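Visitor: Before anything else, here's the structure in question.
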Amino acid sequence: MHSYTFYCVLLICFVQTICLEIPDELLDKDILECMEKAKIDKKLVQKITDENFHVGKGNSQFNEYFECVATSRHMVTETGEFNREVLHNDVINILLPIINKKDKNEVAYKIVDECMDIKNDNLGHRMIELHNCLVDAANKH
């Protein structure tokens, strides 16, 4: 499954031109459980993202959601590092197609590499910082 992109799609709302409906097929059992646990829905996702597709910090529901997704999807290794291959696959399979990027494999590694060193003791905060970094890097490349 595409772990990063599941929550990335949940958090990206293209408000400059159109808000994308979150496809229900991306909402698998793990994602739905994390959404329920954190008490968030699609409408709240659209409200929490800004015009640059960034997720604001300080929302306890989203911190809880991101922590749940990171744990259930094994996005962080036992040593606390991001799982590069999981992120790479998710960037290729959903994030880049959403923003119509070409040369997906080459660009995806550049995007992921730019964001691998994000540190934060709070996993929810760290995942929000990762999301914002990946969005910025994808738009740059």
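Mind the numbering: the sequence shown is residues -19 to -1, 1 to 122 in mature numbering (1 follows the signal peptide of the UniProt record, and there is no 0), read in order.
Heads up, the beta-carbon is just placed ideally off N, CA and C, and yes, glycines get one too.
Note that the coordinates shown come from a computational prediction; the quantities given were computed from them, not determined experimentally.
Drop a sphere of 10 angstroms on the beta-carbon of G61, count the other beta-carbons inside from all chains shown, and report buried for 16 or more, exposed for fewer.
Guide: exposed
Visitor: Specify the secondary structure class of F34 as computed by DSSP and reduced to three states.
Guide: In the structure shown, F34 sits in coil (DSSP, three-state: anything other than H, G, I, E or B).
Visitor: Measuring CA to CA, which of Y46, D71 and K83 is closest to V26?
Guide: Y46
Visitor: Quick one: Cα of D31 to Cα of K38, how far?
Guide: 11 Å
Visitor: On a CA-only basis, which of H35, T58 and V67 is nearest V93? Give me that one, please.
Guide: V67
Visitor: Contact check, F34 vs V116 under 8 Å by CB: the rounded distance?
Guide: 5 Å
Visitor: Using a threshold of 8 Å, state whether the C-beta atoms of V36 and I109 are closer than that.
Guide: yes
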